[in-house]
Amino acid sequence: MTLKRNKQDLNKPFCNFEDNIQFLGKKWTVLLLRDLLLGKKYFSEFKEDKPELSNKVLSERLKELEKMNIISKNIENDSFEYFLTEKGQLLNKIIYEIAIFNLNDLNYDKEKEEAIKRLFKKGFIDDS
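In structure tokens:
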């Protein structure tokens, strides 16, 4: 059985998979998820190594992540603290695989080994 779409829906994503891929493909989204997995919690921390990321875009991405129940926020010391929800934690394997894919560009096995060790220490993957 083939699923068909009517003409009005041709430009709309076909399923949640497409929605999620389109969202993850938005500029900054994956980097923010990586930062959350590495322990960043505050608005200012997300901006530290991304000077070209505007406050407006960062705020929009964080709101989108919250709306999708990927992150949640708490108020701590008069500022928002962001953290991954249980659903958001499911993305850690995807982010890890992207990191491993990136390691293939490194020239030295020693660099790969050290990078993987850092990932293990950060809790990306279970090293048991």
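One point on numbering: in our numbering, the residue at position 103 of the sequence shown is 500, and numbering is uninterrupted. Glycine is no exception: its CB is placed at the ideal position from the N, C-alpha and C atoms. None of these values were measured; they are calculated from a predicted model.
Three or more pairs of CB atoms, one per stretch, sit closer than 8 Å, so the region 487-494 contacts the region 420-438. Cα atoms of residue 496 and residue 460: separation of roughly 25 Å, rounded to the nearest angstrom. Secondary structure note for residue 478: its beta strand (DSSP E) is the uninterrupted segment 476-481.
Secondary structure note for residue 470: its beta strand (DSSP E) is the uninterrupted segment 468-473. Judged by their CB atoms, residue 479 and residue 438 are nearer to each other than the 8 Å cut-off. Excluding the 5 residues flanking it on each side, residue 425 has same chain C-beta neighbours closer than 8 Å at 447, 450, 454, 455 and 458, in chain order.
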